[in-house]
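Undergrad: Quick mapping for you: the protein sequence lines, in order, are chains B and A. Heads up: the first sequence begins at 101 in my numbering, then just goes up one per residue. Heads up: the second sequence begins at 874 in my numbering, then just goes up one per residue. Note that beta-carbon positions come from the ideal geometry of N, C-alpha and C, so glycine has one too.
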Amino acid sequence: MKEQSLVSDYIPILIQLCVAIGFVVATMLATHLIGPKRKGANKLESFECGIESEGNARLPFSVKYFLTAILFVLFDVEVIFMYPWAVNYKTFLHEMGMQGFFSMVIFLSLFLVGFYYIVRKGALKWE
Amino acid sequence: MSTIFFLGYKTILVTMVWGISLLIAMYATLMERKLAGFLQDRLGPDRAGPFGIFQPLMDGGKLFFKEEIIPNDSNKFLFILGPSLAMFTACMTSAVIPWGPDLNLFGHTIPLQIADINIGVLFVFGVVSLGVYGVMIGGWASNNKYSLLGAVRASSQMISYELAMGLSLIAVLMMSQSLSVKEIVQQQHGINWNVFYQPLGFLIFIICAFAETNRAPFDLPECEAELVGGYHTEYSSMKLGFYLFAEYINMFVSSAFMAAVFFGGYNFPFMDKIANGNLLAILGVAVFFAKIFFFIFVFMWVRWTLPRFRYDQLMKLGWQILIPLSVINILLTGGAIMLKNL
Chain B
101 MKEQSLVSDY
111 IPILIQLCVA
121 IGFVVATMLA
131 THLIGPKRKG
141 ANKLESFECG
151 IESEGNARLP
161 FSVKYFLTAI
171 LFVLFDVEVI
181 FMYPWAVNYK
191 TFLHEMGMQG
201 FFSMVIFLSL
211 FLVGFYYIVR
221 KGALKWE
Chain A
874 MSTIFFLGYK
884 TILVTMVWGI
894 SLLIAMYATL
904 MERKLAGFLQ
914 DRLGPDRAGP
924 FGIFQPLMDG
934 GKLFFKEEII
944 PNDSNKFLFI
954 LGPSLAMFTA
964 CMTSAVIPWG
974 PDLNLFGHTI
984 PLQIADINIG
994 VLFVFGVVSL
1004 GVYGVMIGGW
1014 ASNNKYSLLG
1024 AVRASSQMIS
1034 YELAMGLSLI
1044 AVLMMSQSLS
1054 VKEIVQQQHG
1064 INWNVFYQPL
1074 GFLIFIICAF
1084 AETNRAPFDL
1094 PECEAELVGG
1104 YHTEYSSMKL
1114 GFYLFAEYIN
1124 MFVSSAFMAA
1134 VFFGGYNFPF
1144 MDKIANGNLL
1154 AILGVAVFFA
1164 KIFFFIFVFM
1174 WVRWTLPRFR
1184 YDQLMKLGWQ
1194 ILIPLSVINI
1204 LLTGGAIMLK
1214 NL
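1) Quick check for students: name the residue ranges of the alpha helix (DSSP H) that lie wholly in the stretch 931-989 of chain A, counting only runs of 4 or more.
2) Look at the alpha carbon of A/Leu1204 and the alpha carbon of B/Val205, and state the distance between them as a whole number of angstroms.
3) Would you verify that the beta carbon of B/Leu210 is, or is not, closer than 8 angstroms to some beta carbon of chain A?
4) Taking Cβ-Cβ distances shorter than 8 angstroms, what residues in chain A pair up with B/Arg158?
5) Which residues, in chain order, does the stretch 937-963 of chain A contribute to contact with chain E at a C-beta distance below 9 angstroms?
6) Where do the ends of the alpha helix (DSSP H) carrying A/Asp919 lie?
7) Note down, in chain order, every chain A residue with its Cβ under 7 angstroms from the Cβ of B/Val179.
8) Can you tell me whether A/Trp1174 is buried or exposed, with buried defined as 16 or more other CB within 10 angstroms of its CB?
9) Starting from the C-beta of A/Ile1010, find all residues in its chain whose C-beta is less than 7 angstroms away, skip the five residues before and the five after it, and write them out in chain order.
10) Of the residues A/Met1111, A/Val1126 and A/Glu1085, which one's Cα is nearest the Cα of A/Asp932?
11) Less than 8 angstroms separating the beta-carbons of A/Leu1100 and A/Gly1004?
12) Going residue by residue through the stretch 1079-1133 of chain A, where are the continuous alpha helix (DSSP H) segments of at least 4 residues, counting only ones entirely within it?
13) Straight-line CA distance for A/Ser967 to A/Leu985?
14) Among the candidates A/Phe1130, A/Ile877, A/Glu1085 and A/Ser1051, whose CA atom is the shortest distance from the CA of A/Val969?
15) What separation, rounded to the nearest whole angstrom, lies between the Cα atoms of A/Gly1114 and A/Leu936?
16) Between A/Lys935 and chain B, is any beta-carbon pair separated by less than 8 angstroms?
17) May I ask you to report which of helix, strand or coil DSSP gives A/Met1009?
18) Counting pairs of beta carbons, one from the stretch 1086-1095 of chain A and one from the stretch 971-981 of chain A, are three or more of them closer than 8 angstroms?
19) So, are the CB atoms of A/Ser1127 and A/Thr1178 less than 8 angstroms apart?
20) Taking just the CA atoms, how far does A/Glu905 sit from A/Gln913?
21) Out of A/Val1134, A/Tyr900, A/Ser1015 and A/Gln1071, state which residue places its alpha-carbon closest to the alpha-carbon of A/Gly993.
22) What separation, rounded to the nearest whole angstrom, lies between the Cα atoms of A/Gly1007 and A/Asn1149?
23) Less than 8 angstroms between CB atoms is the rule here; does B/Ile170 satisfy it with respect to chain A?
24) Figure out for me which residue from A/Cys964, A/Val1045, A/Asn945 and A/Asp919 has the closest Cα to the Cα of A/Phe1118.
25) For B/Gln116, go through chain A and note every residue whose CB falls closer than 7 angstroms to its CB, in chain order.
26) Helix, strand or coil: how does DSSP classify A/Gly892 here?
27) Could you pull the start and end residues of the alpha helix (DSSP H) that B/Gln116 belongs to?
28) Is the shortest distance between the beta-carbon of B/Gly135 and the beta-carbons of chain A less than 8 angstroms?
29) I'd like to know if B/Val213 contacts chain A, where contact means its C-beta is closer than 8 angstroms to some C-beta of that chain.
30) Can you tell which of A/Asn977, A/Gly925, A/Cys1081 and A/Ile983 has the C-alpha that lies nearest to the C-alpha of A/Thr884?
31) Should B/Tyr216 go down as buried or exposed, given a rule of 16 or more other Cβ atoms within 10 Å for buried?
32) Within its chain, find whatever has a CB closer than 6 angstroms to the CB of A/Phe1083; leave out the 5 residues flanking it on each side and keep chain order.
33) Is A/Met1124 near A/Phe1172, with beta carbons less than 8 angstroms apart?
34) Below 7 angstroms CB to CB, which residues in the same chain sit around A/Ala898 once its five sequence neighbours on both sides are set aside?
35) Take every Cβ of the stretch 164-174 of chain B, pair it with every Cβ of the stretch 1148-1168 of chain A, and state whether three or more of those distances are shorter than 8 angstroms.
36) Less than 7 angstroms between the CB of A/Lys1189 and some heavy atom of the ligand ZN, yes or no?
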């Protein structure tokens, strides 16, 4: 198993970063320079299916979306905790036997208790 | 190996991977339209060149020559940043995918992978999560109600399915004991593919991949019947092109990732019979691309077969079905590995 990555292993990613940024910037500049420019007051208005636009779009929106984002942060952190365990799972089994499995069962049941709570609270109800 | 040689071939490899992903994304648009035509009993584009093969070039060129409209009410900087970020993240994910077995040229061993890092899987997840910002920033900066609705829908959909996606991969990592994509591929030598051990994990992963790339049946962020164009309603010229194009590149890269992690990557049955290393490498690349094309085909097949989900159904599937299912999958895998090893 590859234990460690050297800093030099990441240099190709840096090259890819440069290629990607270069491509994006070059294309954005090209399309800005090539395309025609015929601006008009009506053309630059926000699109609202042809009728006169009504106010601004900086509106409050459903708090459900915000709640979903908060729950995502909570659960994603718990998922990240499982990654090191998953990678070392077989080592744990060799070193401490069944404990390597059942400690994660406890963690997962706590995860599911939290999950059950938010489901019962109706945090995931969209109807 | 000398530093200059290393930098040189890595640069060539990066450019090739970038070029190939752009080319495949371009021709995936044609393939999609041809396939849609076939499934709906019509011809699809056939005017530009024989069988319409110049259609993607024409479409791309047209987008360059279109007027670039930045609405007065929008935040100019963020408006440009949105599509740029979407394209940028789409171009970055391919860095950790091993395209084939090592090649031997001029006495050097050349791995056909841009960067073999020991956190490859996490790199993919990290970059994919950044993709949410492209959609969110673009939709919000447009200052248009349709765009805003599309953007909040898209971002809450993408983060919801990211959870199940991360969980479904944990079971694979428990078997592979490594986060390096190359390591995971090497362990699936021959026909020892992960999908035979993780059918449920694969199913969850492919559903999440559909949702992450905003493809039907999860294309609610841009459902034309309700939201005009969703988060890219206000976009025109190549900025719109970037959003559409990034979707196809993401489709290509997630097909490649699924082929690598679940379907053995460049491994194929009876590969030990081939003694010549370079021949094996070339065949491996061909096999890998065949698998990728198969998955791209599945993406399109699903899009033109299934109707769109309703938003509450989408959230219910993501949170209340896929997440518990992937937890059960982890427990089953853990139990099976424990029984085998103790």
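TA: Well, looking at it:
1) Taking 4 residues as the minimum length, the alpha helix (DSSP H) runs contained wholly in the stretch 931-989 of chain A are 949-965, in order along the chain.
2) One-based indexing of the second sequence puts residue 1204 of chain A at position 331. One-based indexing of the first sequence puts residue 205 of chain B at position 105. Going from the Cα of A/Leu1204 to the Cα of B/Val205 covers about 7 angstroms.
3) If you number the first sequence from 1, residue 210 of chain B lands on position 110. Cβ-Cβ to chain A under 8 angstroms: no for B/Leu210.
4) Within the first sequence, numbered from 1, the residue matching residue 158 of chain B stands at position 58. Simply Asn1016.
5) In the structure shown, chain E does not exist; the protein chains are B and A.
6) Taking the second sequence and counting its residues from 1, one reaches residue 919 of chain A at position 46. A/Asp919: not part of any alpha helix (DSSP H); DSSP gives it neither H nor E.
7) Here residue 179 of chain B refers to the residue found at position 79 of the first sequence. Per Cβ cutoff of 7 angstroms: Leu1036, Gly1039 and Leu1040.
8) In the second sequence, counting from the first residue as 1, residue 1174 of chain A sits at position 301. Exposure of A/Trp1174 is indicated by the presence of fewer than 16 other C-beta atoms within 10 angstroms of its C-beta.
9) Here residue 1010 of chain A refers to the residue found at position 137 of the second sequence. Sequence-distant partners of A/Ile1010 (beyond 5 residues in either direction) whose C-beta falls short of 7 angstroms from its own C-beta, in its chain, are Leu951, Leu954, Gly955 and Leu958.
10) The residue you call residue 932 of chain A lines up with position 59 of the second sequence. Of A/Met1111, A/Val1126 and A/Glu1085, the smallest CA-CA separation from A/Asp932 is found for A/Met1111.
11) Sequence index remark: in the second sequence, residue 1100 of chain A carries index 227 (1-based). Sequence index remark: in the second sequence, residue 1004 of chain A carries index 131 (1-based). Taking a C-beta distance under 8 angstroms as the contact criterion, A/Leu1100 and A/Gly1004 do not qualify as a contact pair.
12) Runs found: 1097-1100.
13) Counted from its first residue, the second sequence places residue 967 of chain A at position 94. Counted from its first residue, the second sequence places residue 985 of chain A at position 112. Taking the straight line joining both Cα atoms gives about 12 angstroms.
14) In the second sequence, counting from the first residue as 1, residue 969 of chain A sits at position 96. Minimum Cα distance to A/Val969 is reached at A/Phe1130.
15) As a working note, residue 1114 of chain A is residue 241 in the second sequence. As a working note, residue 936 of chain A is residue 63 in the second sequence. Looking at the two C-alpha atoms, the distance is approximately 7 angstroms.
16) On the second sequence, residue 935 of chain A is found 62 positions in, with the first residue counted as 1. Output row for A/Lys935: interface = no.
17) By one-based count along the second sequence, residue 1009 of chain A stands at place 136. Looking at A/Met1009 - three-state DSSP - the assignment turns out to be helix.
18) At 8 angstroms Cβ cutoff, the stretches do not touch.
19) Numbered from 1 along the second sequence, position 254 holds the residue referred to as residue 1127 of chain A. Numbered from 1 along the second sequence, position 305 holds the residue referred to as residue 1178 of chain A. In this structure, A/Ser1127 lies away from A/Thr1178, with their beta-carbon atoms at least 8 angstroms apart.
20) Numbered from 1 along the second sequence, position 40 holds the residue referred to as residue 913 of chain A. Numbered from 1 along the second sequence, position 32 holds the residue referred to as residue 905 of chain A. Just so you know, the alpha carbons of A/Gln913 and A/Glu905 end up roughly 12 angstroms apart.
21) Position 120 of the second sequence, counting from 1, holds the residue named residue 993 of chain A. A/Gly993 has its Cα closest to that of A/Val1134, out of A/Val1134, A/Tyr900, A/Ser1015 and A/Gln1071.
22) The residue you call residue 1007 of chain A lines up with position 134 of the second sequence. The residue you call residue 1149 of chain A lines up with position 276 of the second sequence. The straight-line gap separating the alpha-carbon atoms of A/Gly1007 and A/Asn1149 is approximately 45 angstroms.
23) In the first sequence, the residue the question calls residue 170 of chain B occupies position 70. Contact with chain A is absent for B/Ile170, since none of that chain's Cβ atoms lies less than 8 angstroms from the residue's Cβ.
24) Position 245 of the second sequence, counted from the start, is the residue given in the question as residue 1118 of chain A. Between A/Phe1118 and the set A/Cys964, A/Val1045, A/Asn945 and A/Asp919, the nearest pair of CA atoms involves A/Cys964.
25) Along the first sequence, one-based indexing puts residue 116 of chain B at 16. The answer, in chain order, is Val887, Met965, Ala968 and Ile987.
26) Residue numbering aside, residue 892 of chain A sits at position 19 when the second sequence is read from its first letter. DSSP places A/Gly892 in helix when its eight states are reduced to three.
27) Counting from one through the first sequence, the residue named residue 116 of chain B turns up at place 16. For B/Gln116, the enclosing alpha helix (DSSP H) begins and ends at Ile111 to Ile134.
28) Taking the first sequence and counting its residues from 1, the one referred to as residue 135 of chain B is at position 35. Contact of B/Gly135 with chain A is assigned, a C-beta pair being separated by under 8 angstroms.
29) Sequence index remark: in the first sequence, residue 213 of chain B carries index 113 (1-based). Taking Cβ atoms only, chain A never reaches closer than 8 angstroms to B/Val213, which makes this a no.
30) Along the second sequence, one-based indexing puts residue 884 of chain A at 11. In terms of Cα proximity to A/Thr884, the closest of A/Asn977, A/Gly925, A/Cys1081 and A/Ile983 is A/Ile983.
31) Numbered from its first residue, the first sequence carries residue 216 of chain B at position 116. Counting the other CB atoms within 10 Å of its CB gives B/Tyr216 a total below 16, which places it among the exposed residues.
32) Counting from one through the second sequence, the residue named residue 1083 of chain A turns up at place 210. If you ignore the 5 residues before and after A/Phe1083, its C-beta comes within less than 6 angstroms of the C-beta of Phe1091, all in its own chain and listed in chain order.
33) Reading the second sequence from its first residue, position 251 is the one you call residue 1124 of chain A. Reading the second sequence from its first residue, position 299 is the one you call residue 1172 of chain A. Less than 8 angstroms divides the Cβ of A/Met1124 from the Cβ of A/Phe1172.
34) Working through the second sequence from its first residue, we reach residue 898 of chain A at position 25. These residues qualify, in order along the chain: Phe1118, Tyr1121, Ile1122 and Phe1125.
35) No, the stretch 164-174 of chain B is not in contact with the stretch 1148-1168 of chain A.
36) As far as ligands go, the structure on display features none, and thus does not contain the ligand ZN.
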